[in-house]
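A.B. asks:
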Amino acid sequence: QNLNDDLEKHLKMIKEKLIHEHPIKSKIHRWIESKLFEERTNYIHQHEWDSHQLSIDQCKALGNQQAAYFIQRDFTFRKDHESILRRNLKSPIEPLKTIECSRSIWFPKNWIVERTYPLPTERIPTLFAKYTYISEEEESQRRLIDSDPDAKYYLQRKITYSTTTRYPFWRWKLFALRTYCWLSNAIYTFCLVIPFASPVSFRALLSLRPFRPDYKLNRDDLKLHEDPSSKTETFISRLVALWNHVRHSRQKFEQAPDRGFLGKNMQRIFNRFWNYVAKGFVGTVAICAIYPASCVLLSIGSFILGVLSPIWMPILTLLFHILQILIYDANSAGEYGRKFFCLINILITDFLLCGIIQPILVLIALILSPITSLLILIYALLHRFTGGLYDIIVFKLIIKRLARIPAHDTFLARRIAGPGLAAQYFYQVSSPEVLAALESLIEQKELNIYRLYIEEILMKPINEYRRFFNAAFEPFSAQIQITDSPSIYSRMNDVVNKHIRNLKTAIDKRNDLLQIHHGPQHDRIRLTDAGLTAVLIEGKQLVEKWYPKRILSYLNEDETEKFWNDYDLEENDWLGLASKLLQELFCRDFLTPLEQTDVCYSLQVDHITLSKYAHMIHSANLHDDLDAVTSVYLPE
640 QNLNDDLEKH LKMIKEKLIH EHPIKSKIHR WIESKLFEER TNYIHQHEWD SHQLSIDQCK
700 ALGNQQAAYF IQRDFTFRKD HESILRRNLK SPIEPLKTIE CSRSIWFPKN WIVERTYPLP
760 TERIPTLFAK YTYISEEEES QRRLIDSDPD AKYYLQRKIT YSTTTRYPFW RWKLFALRTY
820 CWLSNAIYTF CLVIPFASPV SFRALLSLRP FRPDYKLNRD DLKLHEDPSS KTETFISRLV
880 ALWNHVRHSR QKFEQAPDRG FLGKNMQRIF NRFWNYVAKG FVGTVAICAI YPASCVLLSI
940 GSFILGVLSP IWMPILTLLF HILQILIYDA NSAGEYGRKF FCLINILITD FLLCGIIQPI
1000 LVLIALILSP ITSLLILIYA LLHRFTGGLY DIIVFKLIIK RLARIPAHDT FLARRIAGPG
1060 LAAQYFYQVS SPEVLAALES LIEQKELNIY RLYIEEILMK PINEYRRFFN AAFEPFSAQI
1120 QITDSPSIYS RMNDVVNKHI RNLKTAIDKR NDLLQIHHGP QHDRIRLTDA GLTAVLIEGK
1180 QLVEKWYPKR ILSYLNEDET EKFWNDYDLE ENDWLGLASK LLQELFCRDF LTPLEQTDVC
1240 YSLQVDHITL SKYAHMIHSA NLHDDLDAVT SVYLPE
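Position one of the sequence shown corresponds to residue 640 (my numbering), numbered consecutively onward.
#1: Can you give me the Cβ contacts of residue 743 inside the same chain, cut-off strictly under 6 Å, excluding the 5 residues immediately before and after it?
#2: Got a sec? Which residues, its chain only, sit under 6 Å from residue 704 by beta carbon, not counting five neighbours each side?
#3: Using the three-state DSSP reduction, which class does residue 1174 fall into: helix, strand or coil?
#4: Considering residue 818, what are the terminal residues of the alpha helix (DSSP H) in which it resides?
#5: Under 8 Å, with one C-beta from each stretch per pair, do the region 732-748 and the region 836-844 reach the 3-pair mark?
#6: Enumerate in chain order the residues of its own chain whose CB-to-CB distance from residue 762 is below 6 Å, with the five nearest sequence positions on each side excluded.
#7: I'd like to know whether the C-beta atoms of residue 1221 and residue 1230 end up nearer to each other than 9 Å.
#8: Considering just the uninterrupted stretch of the beta strand (DSSP E) at residue 791, what are its terminal residues?
#9: Anyone know if the C-beta pair for residue 1067 and residue 1149 falls short of 9 Å?
#10: Mind checking if residue 791 is an interface residue toward chain D, Cβ cutoff 9 Å exclusive?
#11: Would you identify the three-state DSSP class for residue 1131, choosing helix, strand or coil?
#12: Buried or exposed: residue 1245, going by 16 or more other Cβ atoms within 10 Å of its Cβ?
#13: Just verifying my parser: in three-state terms, what is the DSSP assignment at residue 653?
#14: Out of 1167, 906, 1086, state which residue places its alpha-carbon closest to the alpha-carbon of residue 1189.
#15: Residue 762 by DSSP, collapsed to three states: which one?
#16: Kindly identify the DSSP beta-bridge partner or partners of residue 865.
#17: Applying the criterion that 16 or more other CB atoms from any shown protein chain within 10 Å of the CB defines a buried residue, is residue 1106 buried or exposed?
#18: Can you give me the Cβ contacts of residue 699 inside the same chain, cut-off strictly under 6 Å, excluding the 5 residues immediately before and after it?
#19: So for residue 980, helix, strand or coil by DSSP?
#20: The ligand GTP heavy atoms versus the CB of residue 718: any closer than 8 Å?
#21: By how many angstroms is the C-alpha of residue 729 removed from the C-alpha of residue 658?
#22: Would residue 1186 and residue 1216 qualify as a contact pair, given that the criterion is a beta-carbon distance under 9 Å?
#23: Going by the beta-carbon positions, is the gap between residue 960 and residue 810 smaller than 9 Å?
#24: In this structure, does DSSP put residue 743 in helix, strand or coil?
#25: Taking the DSSP output, what are the residues bridged to residue 753?
#26: Could you name the residues that DSSP lists as bridge partners for residue 801?
#27: Find out if the Cβ-Cβ distance for the pair residue 829, residue 944 is shorter than 9 Å.
#28: For residue 727, count the other beta carbons within 10 Å of its own beta carbon; 16 or more makes it buried, fewer makes it exposed. Which is it?
#29: Does DSSP classify residue 967 as helix, strand or coil?
#30: Considering only residues of the same chain and omitting the five flanking positions on each side of residue 649, which have a CB-CB separation below 7 Å?
#31: How about residue 1079 and residue 1173: do their beta carbons lie closer than 9 Å?
#32: Ends of the alpha helix (DSSP H) at residue 914?
#33: Nearest to residue 879 by alpha carbon, out of 858, 841, 918?
#34: Can you tell me the Cβ-Cβ gap for residue 1175 and residue 1218, rounded? I've got them flagged as a contact below 8 Å.
#35: What are the boundary residues of the alpha helix (DSSP H) that includes residue 1014?
#36: Can you tell me which of the three DSSP states residue 1104 falls into?
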């Protein structure tokens, strides 16, 4: 109540002051109401924490120290920490793309000279060497140069504007910004540069001497000097240069000794004709006939084009944006992952295919899929039943009653095990295949370590928040909980869980691609002695190259020690680690190489089909099914 009374008194005093200072304006009810509203806002902002302080004083006066303590903690948190926590816990929103447009500064006197090093960047006055300035400006410039000889300066001839793709309708903002910059550059080029500073300008036509329209910054005196590389010849200077060249050519000819092919008297005729007629007269006529007309026409045309640029430049910019949308969108923020033919892709892919055709196909599949599945199920059952019935009949009636162990291979059967045959078979693989599988396993382990590391980083804000809350409120038996009601802790948990799910999805997707499916045949995979030695050497180099940088770098000292202890290895035993990984990848006996007594079989039966039978009859290459079965002996 006291605060409201103070506010009313303050507003009443301000109203009387306004009536006294502005007797005429104060009769406008809307004006005085707006002034009082501004003053009310300022007063509330200035006395924002008075209610907390008043409550603390009253609680202390009444002897309620516990309530005063909690209000004091709330006052301190809201005043000093709340804004910082809100700013730190708020997820950063950054635009996907920042687009820049620049326009030229028209006049050199407005060019910006900045000292870029050492920081901070400082703007210094723009001075020209051809002008004389007062002694104070010269002395200030000299002190700036002497203060830091290693300073770096930059001459800025353009002003750059930027816009982002963060907000909706950013393309229209980019269109307006680009129209403004391009229009300014067009007026500058067509109305200033070409008519007054180019080789075909009015200045080049009327000036007696060559001129230098451009300037560059001199590091010694920090003034703008005329750039020698921008020297522009004029109409008069071109004629003077032409006839000076003719004169020098004639002098050089006359001073040269008479040692030519035809003699100097005869050559003088050709030399005079070439210099005075071919170069001098024809060149003068060409310059006088073409150059003035070019200067006048191009300068006037350029000026008219620049004056009309406010009309055609917005149309040109709009056409440019339309072409970007239709053909190649260079300003795309990447929201659809494509830049070529964006509008066509949206209409055909998103609208026609995904919006119309895909739902129709889904409805058709919804009807046909159960029917197709039922037919496949019926076929599988019939195939299984007839195949089983055939096997039972053949085994019961023929094999069980009439079959015996063959002494040699026959038309109907071929021996694969027994006396004189190998009892165990191995699959021989090449060294590159084993190394590729080993690299895949290393990448899987790296992904698992990286996942744990990133999850720890993501959980760090929640853990710090939990430690802070427990330290502050655990003495009062307060406990942090996740509730359905919106709160900072709940939002933090939701955001972190979302990031963890996205991380798990991405890593699981990659792990599925890297996963090597183990089967019974993995226990039979072997290498030759030479191949196993090469794999161990290459595997040691591979492990030594990737483990320190891509796996062990995420572990602290204790975790690194536990890592080596789990493998029962000494630290940095890369050969042992490679051996353990190969055993984990295949089997424990993988490090046992193939010996001379081992036999590797490659068994393949080429069953006769209708097409193969027709080809066999046509080629007259007749054979039985089991003729294609071969045993390959690989003694190592």
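All C-beta atoms in this analysis are idealised placements derived from N, C-alpha and C, irrespective of residue type, glycine included.
Because the structure is a prediction, the values reported are computed rather than measured.
C.D. replies: Let me lay it out:
#1: Once the five neighbours on either side are set aside, the close Cβ partners of residue 743 are 797, 824, 827.
#2: none
#3: helix
#4: 809-826
#5: no
#6: 753
#7: yes
#8: 791-795
#9: no
#10: This model lacks chain D altogether, as it is built from one protein chain only.
#11: helix
#12: Unreliable placement is indicated for residue 1245, whose pLDDT of 49 sits below 50; the coordinate value is still reported in the next sentence. The residue in question, residue 1245, is exposed, as its Cβ has fewer than 16 Cβ neighbours within 10 Å.
#13: helix
#14: Put simply, of 1167, 906, 1086 the residue whose alpha carbon is nearest the alpha carbon of residue 1189 is 1086.
#15: strand
#16: 854
#17: exposed
#18: 707
#19: coil
#20: Although the ligand GTP was asked about, the structure shown includes no ligands whatsoever.
#21: 46 Å
#22: The Cβ atoms of residue 1186 and residue 1216 lie closer than 9 Å to each other.
#23: yes
#24: strand
#25: According to DSSP, which records beta bridges pairwise, residue 753 is partnered with 762, 793.
#26: 739
#27: yes
#28: exposed
#29: strand
#30: Same-chain partners within the cutoff: 682.
#31: no
#32: Residue 914 -> no alpha helix (DSSP H), and no H or E assigned at all.
#33: 918
#34: Contact between residue 1175 and residue 1218 holds: their C-beta atoms lie close to 7 Å from each other, under 8 Å.
#35: Element bounds for residue 1014: 997-1033.
#36: helix
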